[in-house]
Amino acid sequence: MKKLILLTATFVTCSLAYAQIPGFNIGPKVGATFSKFTTDQDQITEELKSTFHFGAFARIGKKVYLQPELVVMNRSGLLKTDLIDGSSNTIKITSIDLPVLLGVKVIDLKATNIRVMAGPVASLTLNKEISIENWENTINRDDFRNANWGIQFGAGADLLFLTLDLRYEIGMNDVSKLDGFDLKNNMFIISLGWKII
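Quick note: the sequence shown uses the working numbering, first residue 7, plus one each step.
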């Protein structure tokens with residue numbers, strides 16, 4: 007909780023400092039996340055799970071822009087092993103995500119625009135929940151890293167004060183600490199934001 011308060015205060019302070027710059031926007035955002043944990047184990051199958059996220063974004067620049075964000079992200083995924091009937095391992099991770107995206111407006115009209123963007127995202131874990139059924143090799147909370155990295159890319163559109171983003175995130179590092187068990191998180195992100203400035 008202290009991490010979230012400190013990061014939020016830093017984000018707001020920096021955003022206010024940029025508020026007088028032309029082409030500056032800031033606002034809240036919410037959305038849906040479709041997440042999957044993938045492994046390098048042939049006997050394990052993975053399933054996509056839907057969750058949600060919320061946070062805030064800032065946008066600095068006109069044609070070419072920088073978009074830092076602070077997002078509370080919920081990741082979830084279901085793993086099943088073919089070796090045991092009825093086995094499942096549901097992973098739920100709540101994190102503070104800090105994407106920093108570089109974007110370009112490919113169509114820029116007065117009331118609307120179409121954008122493309124890409125950039126890195128740092129993910130700092132707040133909470134981990136593991137639910138296991140009939141799984142011999144138990145994975146527990148301590149087996150997951152507290153900091154992870156990813157790359158996001160996608161497209162977006164603005165209409166007046168509303169901003170819609172569609173992105174895909176590729177997990178860049180193994181989120182598991184277990185030897186011989188490579189686990190990565192990839193996800194689709196759909197978010198709707200409101201420009202309050």
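The C-beta atom is built at its ideal place from N, Cα and C for all residues, glycine as well. The structure presented is a predicted model; accordingly, all values stated were derived computationally and were not measured.
So, with DSSP's three-state summary, where would you put residue i?
i: D148; result: helix
i: M193; result: strand
i: V106; result: strand
i: K35; result: strand
i: G186; result: coil
i: K86; result: strand
i: K134; result: strand
i: V122; result: strand
Nearest CA to the CA of residue i: which residue from the options?
i: T100; options: N146, L189 and T57; result: T57
i: D46; options: I202, L198 and L184; result: L184
i: V181; options: D164, K134, V78 and G160; result: K134
i: S137; options: L107, D103, K35 and S94; result: S94
Spell out the partners DSSP gives residue i in its beta bridges.
i: S56; result: F40
i: L170; result: A163 and L198
i: Q73; result: L107
i: G5; result: Past the edges of the chain, shown from 7 to 203, lies residue 5, and the structure says nothing about it.
Below 7 Å, is the gap between the Cβ of residue i and the nearest heavy atom of the ligand FAD?
i: R65; result: The ligand FAD is not part of this structure, which contains no ligands at all.
Using the rule of at least 16 other Cβ atoms within 10 Å of the residue's Cβ for burial, across every protein chain shown, is residue i buried or exposed?
i: T169; result: buried
i: S21; result: In this prediction, S21 has a pLDDT of 49, which is less than 50 and means its spatial position is unreliable; nothing more can be read from the coordinates.
i: P105; result: buried
i: T39; result: buried
i: F63; result: buried
i: M178; result: exposed
i: L85; result: buried
i: N146; result: exposed
Assuming residue i and residue j form a contact by the criterion Cβ under 8 Å, report the distance between their Cβ atoms to the nearest whole angstrom.
i: T96; j: K190; result: Between K190 and T96 the Cβ distance is about 17 Å, and since that is not below 8 Å, they are no contact.
i: S197; j: G37; result: 3 Å
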